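Residue numbers (the working numbering): 393 to 494.
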């Protein structure tokens with residue numbers, strides 16, 4: 393049994409390649425991109441945010457982009473937004489920060 397993303401791709405017969413990197417790889421999309429031989433913009437970051445209304449929002453952005461922007465604040469109609477804590481991310485997704493699959 394693999395990650396849900398792999399199961400999804402395999403279930404639809406979509407060709408894909410599983411990649412991994414050493415555990416001591418520098419954290420963040422840029423470090424992972426370097427370890428895999430890609431540019432940060434070729435990576436995807438999966439980020440969890442919290443709003444002032446206690447909502448949690450999953451956002452996927454390019455590895456070279458910042459998740460918090462005026463566009464995001466307008467899209468969710470909230471000016472009060474922050475990255476979720478490591479504990480909240482684990483509770484909501486089942487994964488630790490830095491390992492949330494798409």
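Think of the CB as a built atom: it goes at the ideal place given N, C-alpha and C, for glycine as much as any other residue. Computed from a predicted model, the values in this text were never measured in an experiment.
Closest in alpha carbon position to residue 454, among 471, 466, 478, 438, is 438. The closest CA to that of residue 480, considering only 407, 464, 403, 443, is found on 443. Remark: three or more beta-carbon pairs, one from each stretch, lie closer than 8 Å, so the stretch 452-467 and the stretch 412-431 are flagged as touching.
In the structure shown, residue 465 falls within a helical segment according to DSSP collapsed to helix, strand and coil. Ranked by Cα distance from residue 492, the options 429, 411, 450 are led by 450. In the structure shown, residue 417 adopts coil according to DSSP, grouped into three states.
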